[in-house]
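These notes concern the structure reproduced below.
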Amino acid sequence: MVELKVEWKPRNENTVFNHPAVRTDGVDKASGFAKYSTDYTGNGSLHVRLLTARHAHAMIKTLNVRDAKRMDGVQEVYVFPFREPANGMLYEVQWEGEPIVAVAADTPAQAEAGVRAIEIAYYVLDHLVNDQYLEAATELGLTKPGRTAEEGEEGEVDKAISSAAVVHRGSYGIQAITHCCLEPHGSTCAWEGEDKLNVELSTQNVSGTGGQFAGPLGIDAANVTVHCDYIGGGFGSKFAADEWGLACAEIAKATKRPVQLHLDRPTELQIAGSRPSAFADVTVAANQDGTIVAWDSHHWGTDGIRGGTVTQVPYVIQPKLRRVRTTGLITNTGPARAWRAPNHPQACALTSTAIDDLAAALGMDPYDVFLKNLNLATGSQSKNPQEVYAEEMKVAEGLMDWKGKWKGRGQWDDNGWKRGLGMAIHTWGGRAGGGSCTIKVHQDGTVETFAGTQDLGTGTRTCIGQVVAESFGLPLSAVQVNIGSSKYPQSGASGGSTTIGGVSGPHRRAALDALGKIFDKVAAKYEVDAASLSAKDGKILNGENVVCTWQQAAGLVGPMGLEVMGEGPKDDGLTSDGVCGVQMVDLSVDTETGRVKINKYVAVQDIGTIVNHQLAKSQVLGAMIQCISYGLSEERIMDNASGRFLNANLRDYKLPRIGDIGELVVEFYEPDSQYNKGVVGLGEPPVISGGAAISNAVANAIGVRVPVLPLTPKRILDALANA
Amino acid sequence: MNPFEYAQPNTEAEAVALLAERGSTVLASGMDLMPLLRKSVVETERVVDISRVESLRGIEAVGGGVTIGVLSTLEDIACNPLLADYPSLKDVNEGIRAIQVQQNGTLGGDLCHLPNCWYFRSGYGLLGRENGKSLPEIGDNRYHAIFGNAGPAKFVSASRFAPALIAWGAKVRIAGPEPDAEKWLPLEEFYQTPKTERHGVTVLTPGQLLTHVWLPSAENKVSATYEVLEMEGLDWPLASAAATLELEAGRVRTATIVLGHVAPTPWFSLVAADVLVGQPVTPQLAQAAGEAAVSEATPLSENAYKVRLAQTSVKRALLKATNQLEGGL
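From first to last, the protein sequence lines stand for chains A and B.
Position 114 of the first sequence, counting from 1, maps to 114 under the numbering used here, and the rest follow consecutively.
Position 59 of the second sequence, counting from 1, maps to 59 under the numbering used here, and the rest follow consecutively.
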């Protein structure tokens, strides 16, 4: 049997893979044919509304759902575990929005009426929701000292700082943001008999959530089917069944009817996961030539009641002599969940800003300071960061005309505005997730693939099709890609930029395996050497000669078709990990209003072998817009007076609109060395350094550091007033 | 939302009669009311949908001025040639960067829009009080009032058209509570700063309905509105100012400056107007008027930046009205 070498084709031989292509499901999405979990209604399904906690910190004194059960149309009232006072035990609410009761009714209005009929009383307790002011939390005893890590001999950091030519001290911060998926978290659950559960779940984890339902519900994991063809946003917050998912299943079981339970918008923002805040006092020291010699910082923040804070400070550039102290704040705020590139945007916002300020103190262009210190990029996950960053900076510099435009801080007047440039660098791993797949070649030449992965909107479905189509020498349209069911071969959760490697490797391996088997049959029938065959343009070739068509070749597999499996990841070069990335921003600031206008925003990114440039570009554009969002306007506003999440709605939780975006330029750094590296995930890296780059550009424009992101008019005007 | 009775009158008299009972609420396009009902921030026994009352529609020339029915949409106002000489109104419409709102939102809905204060919209009432404390005073007041905030009300008036209309000397017609009763009020007198939760943000009482707005002749006056928006998309101004100027031989003969989103009501600035009268509008004079306009501001703990925004709004409204505005968003 011929064994085809597992590798990607030489770059110039690809016709589908490593090419731009529109999404295969784009029309379905744009036309409304694509069904999301919220679309699975009908068949007498019940609607659910939740009673959630109004207080940030309280004990539930009494809870009476009797009247709710008697309301018209109410079919079931589900009290979340432990919420009901029992045997003197009271449930402690620890953040606003915690679900307490779910009411299921024939109509949404009836469910709402049922919620209103619930009687609940609390003992309200003191709360802490302000995470910026460390002193207040310390006084209340609501801090969790983290570790102090010091690199170098004891005393060397202080000594290096005291003897350095230039020392910069500054404070920086980045507020918490929250997940606000367009499609809220939730599911539609329906039972078949007593022990089979079907869940239409909005999830990033099709293969991994069945067991999360099965265990608590006391049924076999094999009896749970999770299905998700499309998802309206996840960004790291949709890996779990969640307690409201279990509630949905319990209600469906009790009522023997399908039940839909999705969080409403305020609750989605309050409890579906946040990105932790981070604040820091930083001291960074350098020689006169810009070489950074020491770093000393204390950073703090909150991930909610657990009291954790971010890691990876200083970010990417790690001076050999450094000391880092961390403190977590225990706050009554909604729990943290992974948010696109966990820790990295915050760490970058605390580090690249300090380096930019150091450059200003040195009187140097920060481009030169970053370049000068790339030998310290030991925090990068790239295997050759010094080289890649330098090359990417060169590309970005050219696209931005950085050197042509650069002026010192506050030096660039632009028709009544102040204009500035800022840059930052980032890194990510992006190794392939674990998973498998099945490819089936039918006797008529049609091709199907099956994998229990999911398409977060990034184009997974399209990319799988490209990998398989390229392998078989077929057009993209010839491959039917089946994903989104837990009954398909297991595939990893989509998190941490692991999906593209996690699906492209197994599908390429399986396709090559299948192709080898087909070549054997072709070789036998047509009396050619299987090892000399190739598949191209719908034909099987022997060198330049056509042996047969793809359909004729497939016809040799017999009526049962050919089915092969692929697995991954494997150490065969198809996938890799470790990327760099550079982002630069040109913006203008209206110093009388504090408004910021993005003029041009450049992202240069390496991701190894690129499956589809068009989808990859979309992924980066989305990330850049999210950077503009958390850089300029997006933040969770917690009110220490009431303990409430004041802007838990899409009016006050300010996301950018098209007019806020400016010109976005995406450039992939993809020399042959990158193409030959293997596929690496792209979800996280481009969302990391934009916030810091925006902050640095504003500092360059107005001559003053606005210490905390997002840079709202208030923060900019306050910083100017305090300068 | 709570169940309520839905009524759809055909005439003003029917509407007024339906509104006479306490607990009745007017529905125009519903942009403000529906979210408030959904969250039970506003609870009502009866919703009176006035969309079939034809007399509330239309923009007409009347005695040298213009009368605008409250059901006129924002787009109607921007496009009607009778209002072409009132550019400060068009400025407001352009700042509402959502076609859906421009096409469906009504002038009456804007004028009666309830405050966007997040405490009010979280169910703490207009004054935002909890356990005897003013949450806007001790909590997050970044978007709250910098004028007129000595009393219990700290929110800012939400209407975007009111400053421009007041600067034009607009009057409003109020029908009811008796079937044939009507009265005309200067628009500025339509608004009030509530001292208790029982007071509203306007002087309307049960059985009264805002029906029309009347604008005096534009004559040779110039005008502009300048709003500072935090975002480029649909968003509420952080501060705004409307200016209407009568110019004579290049100098300001009369000036009316009204600020928006800085106080519980639209906020007249007589001191800014005083700076202008008798002077040609120059960037320096506009700057001085802006400074004068905020000279008596009383910012809360977190909103001193709004003083700067109000000052800039006044300056830029003046420069815009006199075609001197350059740069800026």
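Ideal Cβ positions, reconstructed from N, Cα and C, are used throughout, including at glycine.
For this session: Could you say if the stretch 164-177 of chain A and the stretch 218-232 of chain A meet the contact criterion of at least three C-beta pairs nearer than 8 Å?
Result: Fewer than three pairs of CB atoms, one per stretch, sit closer than 8 Å, so the stretch 164-177 of chain A makes no contact with the stretch 218-232 of chain A.
For this session: Could you tell me how far apart the beta carbons of A/Y78 and A/A102 are, in whole angstroms, since I believe they sit closer than 8 Å?
Result: A Cβ-Cβ separation of about 4 Å places A/Y78 in contact with A/A102 under the 8 Å criterion.
Problem set entry | 7 Å Cβ cut-off: residues of chain A touching B/M31 | Proximity of chain A to B/M31 at the Cβ level (cut-off 7 Å) is not reached, the minimal Cβ distance being about 11 Å.
Problem set entry | Reference A/E98; option with closest CA among A/A136, A/A280 and A/P335 | The residue with the shortest Cα to Cα distance from A/E98 is A/P335.
Exercise. For A/D537, which residues of its own chain have a beta-carbon under 7 Å away from its beta-carbon, when the five flanking residues on both sides are left out?
Worked result: Closer than 7 Å at Cβ, skipping near neighbours: G473.
For this session: Report the option in A/S207, A/E13, A/A616 and A/R169 whose CA atom is closest to the CA atom of A/D296.
Result: When each option's Cα is compared against that of A/D296, the closest is A/R169.
For this session: Identify which residue in A/K597, A/V611 and A/N612 has its Cα closest to the Cα of A/S629.
Result: In this structure, A/K597 is the residue among A/K597, A/V611 and A/N612 with its C-alpha nearest to the C-alpha of A/S629.
For this session: Could you tell me which of A/P710, A/L358 and A/L246 sits nearest to A/S187, measuring between CA atoms?
Result: Closest option to A/S187, Cα to Cα, is A/L246.
For this session: Determine the DSSP secondary structure at A/F519, reduced to helix, strand or coil.
Result: Here A/F519 sits in helix by DSSP.
Problem set entry | In chain order, each beta strand (DSSP E) run of at least 3 residues that lies wholly inside the stretch 162-188 of chain B | Every unbroken stretch of the beta strand (DSSP E) spanning 3 or more residues and falling wholly within the stretch 162-188 of chain B is given here in chain order: 171-175 and 182-186.
For this session: Can you give me the Cβ contacts of A/A347 inside the same chain, cut-off strictly under 8 Å, excluding the 5 residues immediately before and after it?
Result: So the qualifying residues of the chain are A278, V310, T311, Q312, V313, P314 and Y315.
Problem set entry | CA nearest to the CA of A/D72, picked from A/H57, A/A104 and A/N43 | The shortest C-alpha to C-alpha distance from A/D72 to any of A/H57, A/A104 and A/N43 is the one to A/A104.
For this session: Establish whether the CB of B/L329 and some CB of chain A are separated by less than 9 Å.
Result: In this prediction, B/L329 scores a pLDDT of 48, lower than 50, which makes its location untrustworthy; the coordinate-derived value is nonetheless stated afterwards. Chain A contact via Cβ: present.
Exercise. Using a Cβ cut-off of 8 Å, which residues of the stretch 631-643 of chain A contact any Cβ in chain B, in chain order?
Worked result: Among the residues of the stretch 631-643 of chain A, those with a Cβ less than 8 Å away from any Cβ of chain B are S633, I637, D639, N640, A641 and S642, in the order of the chain.
For this session: Answer yes if the stretch 655-672 of chain A comes into contact with the stretch 403-411 of chain A, meaning at least three C-beta pairs across the two stretches below 8 Å, and no otherwise.
Result: Judged by Cβ distances under 8 Å, the stretch 403-411 of chain A makes no contact with the stretch 655-672 of chain A, as fewer than three pairs qualify.
Exercise. Mind pulling the chain B residues with CB within less than 7 Å of A/L717?
Worked result: Simply Y305 and R308.
Exercise. Taking DSSP as the reference, what is the three-state secondary structure of A/Y123?
Worked result: Note: A/Y123 maps to strand in three-state DSSP.
Problem set entry | A/R275 to A/L350 span [Cα, whole Å] | Going from the Cα of A/R275 to the Cα of A/L350 covers about 15 Å.
Exercise. Does the beta carbon of B/P3 sit closer than 9 Å to a beta carbon anywhere in chain A?
Worked result: Among the CB atoms of chain A, one or more fall inside 9 Å of the CB of B/P3.
For this session: Grab the span of the alpha helix (DSSP H) containing A/H19 for me, first residue to last.
Result: That residue, A/H19, is in no alpha helix (DSSP H); it is neither H nor E in DSSP.
Problem set entry | Collapsed DSSP secondary structure at A/H613 in the structure displayed | Helix.
For this session: Label A/M423 either buried or exposed according to how many other C-beta atoms from any shown protein chain fall within 10 Å of its C-beta, with 16 as the threshold for buried.
Result: It counts as buried.
For this session: Have a look at A/A432 and A/T453 and give me their C-alpha separation to the nearest angstrom.
Result: Taking the Cα positions, A/A432 is about 13 Å away from A/T453.
Exercise. Apart from the five residues on each side of it in sequence, which residues of its chain come closer than 8 Å, Cβ to Cβ, to A/D520?
Worked result: Only residues of its own chain outside the window of five on either side were considered, and among them M1, V2 and A530 have a CB closer than 8 Å to the CB of A/D520, listed in chain order.
Problem set entry | Below-9 Å beta-carbon distance, A/N205 vs any chain B residue | No, A/N205 lies away from the interface with chain B (no Cβ there is under 9 Å from its Cβ).
Problem set entry | Spatially closest choice to B/W214 from B/E60, B/M31, B/E5 and B/M1, by CA coordinates | Across the set B/E60, B/M31, B/E5 and B/M1, the C-alpha of B/E60 shows the shortest separation from the C-alpha of B/W214.
For this session: Spatial neighbours of A/V719 within its chain, please: CB distance less than 6 Å, with the 5 preceding and 5 following residues excluded, ordered by chain position.
Result: According to the sequence shown, residue 719 of chain A is Ala rather than Val. V704 and V706.
Problem set entry | Reduced DSSP category for A/H168 - H, G, I as helix; E, B as strand; rest coil | The DSSP-derived three-state label of A/H168 is strand.
Exercise. Using the rule of at least 16 other Cβ atoms within 10 Å of the residue's Cβ for burial, across every protein chain shown, is A/G76 buried or exposed?
Worked result: Residue identity differs from the one stated: residue 76 of chain A is Glu in this sequence, not Gly. Burial state of A/E76 is buried, judged by a 10 Å Cβ sphere holding 16 or more other Cβ atoms.
For this session: Output the boundary residues of the beta strand (DSSP E) element that contains A/G691.
Result: Where A/G691 is concerned, there is no enclosing beta strand (DSSP E), although the alpha helix (DSSP H) it sits in stretches over G690 to I702.
Problem set entry | Which residues DSSP lists as bridging B/D49, in chain order | In the DSSP output, where bridge partners are listed per residue, B/D49 has B/L27.
For this session: Give a yes or no on whether the C-beta atoms belonging to A/N415 and B/E326 are separated by under 9 Å.
Result: In contact: A/N415 and B/E326 (Cβ atoms closer than 9 Å).
For this session: Tell me whether A/N415 sits in a helix, a strand or coil according to DSSP, three-state version.
Result: DSSP places A/N415 in coil when its eight states are reduced to three.
Exercise. Taking Cβ positions, are B/V281 and B/T254 nearer each other than 9 Å?
Worked result: Note that the C-beta distance between B/V281 and B/T254 is not below 9 Å.
Problem set entry | Among A/N696, A/I118 and A/N87, nearest to A/L587 - alpha-carbon criterion | For A/L587, the nearest C-alpha among the options comes from A/N696.
Exercise. Within the chosen definition, does the stretch 511-520 of chain A reach the stretch 561-568 of chain A through at least 3 CB pairs nearer than 8 Å?
Worked result: By the criterion of at least three beta-carbon pairs nearer than 8 Å, the stretch 511-520 of chain A is in contact with the stretch 561-568 of chain A.
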